[in-house]
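Peer 1: Residue numbering for the sequence shown is 0 to 256, as defined by numbering that gives the first Met the number 0.
For every residue, glycine included, the Cβ atom is placed at its ideal position computed from N, Cα and C.
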Amino acid sequence: MRSVAYCLGLFLSLSLLVACSDDSNPPAADKPVAAQDTGSADVYPDLGTLPDIGTKAPCESEWIDAVGAVAKVSTGSVQSTDKGSGVTETTIDATAGGINAAKSNPYVYVSLKDGSRVDVSDVDAKKSSAWDIAIRRSVIRINGGDSGAGQGGVAILAGKTLDQVTAVPPSVDFHADEFIDDSCQVSYDPINNILTAFGGQTGLWYDYEVGSGKLTPLAQAYVIRLADGQTHVKLVIDSYYSPGNTSAFYTVRWSKL
Numbered sequence: 000m001r002s003v004a005y006c007l008g009l010f011l012s013l014s015l016l017v018a019c020s021d022d023s024n025p026p027a028a029d030k031p032v033a034a035q036d037t038g039s040a041d042v043y044p045d046l047g048t049l050p051d052i053g054t055k056a057p058c059e060s061e062w063i064d065a066v067g068a069v070a071k072v073s074t075g076s077v078q079s080t081d082k083g084s085g086v087t088e089t090t091i092d093a094t095a096g097g098i099n100a101a102k103s104n105p106y107v108y109v110s111l112k113d114g115s116r117v118d119v120s121d122v123d124a125k126k127s128s129a130w131d132i133a134i135r136r137s138v139i140r141i142n143g144g145d146s147g148a149g150q151g152g153v154a155i156l157a158g159k160t161l162d163q164v165t166a167v168p169p170s171v172d173f174h175a176d177e178f179i180d181d182s183c184q185v186s187y188d189p190i191n192n193i194l195t196a197f198g199g200q201t202g203l204w205y206d207y208e209v210g211s212g213k214l215t216p217l218a219q220a221y222v223i224r225l226a227d228g229q230t231h232v233k234l235v236i237d238s239y240y241s242p243g244n245t246s247a248f249y250t251v252r253w254s255k256l
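(1) In the DSSP assignment, the alpha helix (DSSP H) including Ser60 goes from what residue to what residue?
(2) Phe333: which of Cys58, Ile193, Val164 sits nearest, CA to CA?
(3) Below 8 Å, can you find three or more Cβ-Cβ pairs linking the stretch 63-74 to the stretch 230-247?
(4) Helix, strand or coil for Val167, going by three-state DSSP, please let me know.
(5) Going by alpha carbons, who is nearest to Ile155 out of Gly147, Val167, Asp145, Ala148?
(6) Would Ala100 and Val117 be called neighbours here (beta carbons separated by less than 8 Å)?
(7) Taking C-alpha atoms, which residue in Glu88, Gln78, Gly85 lies nearest to Val107?
(8) Please work out which residues of its chain come closer than 7 Å, Cβ to Cβ, to Tyr240, disregarding the five sequence neighbours upstream and downstream, and give them in chain order.
(9) Considering Cα atoms alone, identify which of Pro57, Glu59, Asp64 is closest to Asn191.
(10) Drop a sphere of 10 angstroms on the beta-carbon of Val119, count the other beta-carbons inside from all chains shown, and report buried for 16 or more, exposed for fewer.
(11) Select from Ile132, Asp121, Lys102 the residue whose C-alpha is nearest the C-alpha of Ile91.
(12) How many Å lie between Ser182 and Ser60 at the Cα?
(13) With a cut-off of 8 Å on the beta carbons, I'd call Gly199 and Asp176 a contact; round off their distance for me.
(14) Cutting at 7 Å between CB atoms, please list the residues of its own chain near Gly228, excluding the five before and the five after it.
(15) Taking the continuous beta strand (DSSP E) assigned at Val222, which residues delimit it?
(16) Across which residues does DSSP place Arg252 in a beta bridge pair?
(17) Unbroken alpha helix (DSSP H) runs of length 4 or more, entirely within the stretch 100-172: which are they?
(18) In terms of residue numbering, what span does the beta strand (DSSP E) encompassing Gln78 cover?
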């Protein structure tokens, strides 16, 4: 009987010892369950590709309105003739639209490296370095500053003829087109065209005859730094009229310096 009681006590003691030992060890963390292959590479539903909204340049809409930018290419003719002694005569037909509908027609873009027309729209021309000057009616722009991506500039030599300019003057100041400021305010010349470098401080490269409305180029030469930022030419505007007296049909002479 005593043996039975002893065995029972020993069994209970061992049971308590095992129970205490189990309580002193925390349960093991659950093992991660491996993801099952569903046969599809996407875990989440395909939401498609977000549209590319692009970036809008500062004052872009104001620039388009001020320039009167047209998303098409001009068909105005540009004809160049070698006049000898390194001088080229170029005629530029910027007559499209006449006075009243000029802004519905694009500028004529010209390269002064070879006297050719550059076929680019007003919109694309802002990012192009292929052109040097752009003309529409009485407005002449340079490929630099607010007008384009080039490094072009203009220096006005009042009272000078083409022959009198033999080199780039060492102290000359070149000006790019600056007609729109950081707050998107536009500067206009006296007849409400954008203020460009070709007009200097007055905004005009010509004399205007009240009554007849005739434009006469000022007696001055221009030294033009081309869009590449390195090449220079000298230029004079001989006439704003065709032989048949059509306005905005330019005759210019120019030569590389």
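Peer 2: For this structure:
(1) Position 61 of the sequence shown, counted from the start, is the residue given in the question as residue 60. Its alpha helix (DSSP H) spans residues 59-66.
(2) Lying outside 0 to 256, the shown extent of the chain, residue 333 is not represented and no answer is given.
(3) With a cut-off of 8 Å on Cβ pairs, the stretch 63-74 is not in contact with the stretch 230-247, counting fewer than three such pairs.
(4) If you number the sequence shown from 1, residue 167 lands on position 168. Coil.
(5) Indexing the sequence shown from 1 puts residue 155 at position 156. Ranking Gly147, Val167, Asp145, Ala148 by Cα distance to Ile155 puts Val167 first.
(6) Sequence index remark: in the sequence shown, residue 100 carries index 101 (1-based). Sequence index remark: in the sequence shown, residue 117 carries index 118 (1-based). The answer is no: Cβ separation not under 8 Å.
(7) As a first step, residue 107 must be located in the sequence shown, where it is residue number 108. Checked all of Glu88, Gln78, Gly85; the closest Cα to Val107 is Gln78.
(8) In the sequence shown, residue 240 corresponds to position 241, counting from 1. Its chain contains Ser246, Phe248 as the residues whose beta carbon lies nearer than 7 Å to that of Tyr240, once the 5 sequence neighbours on both sides are disregarded; these appear in chain order.
(9) For the purposes of this step, residue 191 is taken as residue 192 along the sequence shown, with counting starting at 1. Ranking Pro57, Glu59, Asp64 by Cα distance to Asn191 puts Asp64 first.
(10) Here residue 119 refers to the residue found at position 120 of the sequence shown. Counting Cβ neighbours within 10 Å, Val119 comes out buried, since at least 16 surround it.
(11) On the sequence shown, residue 91 is found 92 positions in, with the first residue counted as 1. Checking every option, the nearest Cα to that of Ile91 belongs to Ile132.
(12) Indexing the sequence shown from 1 puts residue 182 at position 183. Indexing the sequence shown from 1 puts residue 60 at position 61. Between the C-alpha atoms of Ser182 and Ser60 there is a straight-line separation of about 13 Å.
(13) Translated into positions along the sequence shown, residue 199 becomes position 200. Translated into positions along the sequence shown, residue 176 becomes position 177. So it is not a contact: roughly 12 Å between Cβ atoms.
(14) Counting from one through the sequence shown, the residue named residue 228 turns up at place 229. Cβ within range, chain order: Gln150.
(15) Position 223 of the sequence shown, counting from 1, holds the residue named residue 222. It spans 219-224 - the beta strand (DSSP E) in which Val222 sits, taken as one unbroken run.
(16) Stepping through the sequence shown from its first residue, residue 252 is reached at position 253. Answer is Glu88, Val235.
(17) 121-124
(18) Within the sequence shown, residue 78 is the residue found at index 79, counting from 1. 77-83 is the span of the beta strand (DSSP E), which, as asked, contains Gln78.
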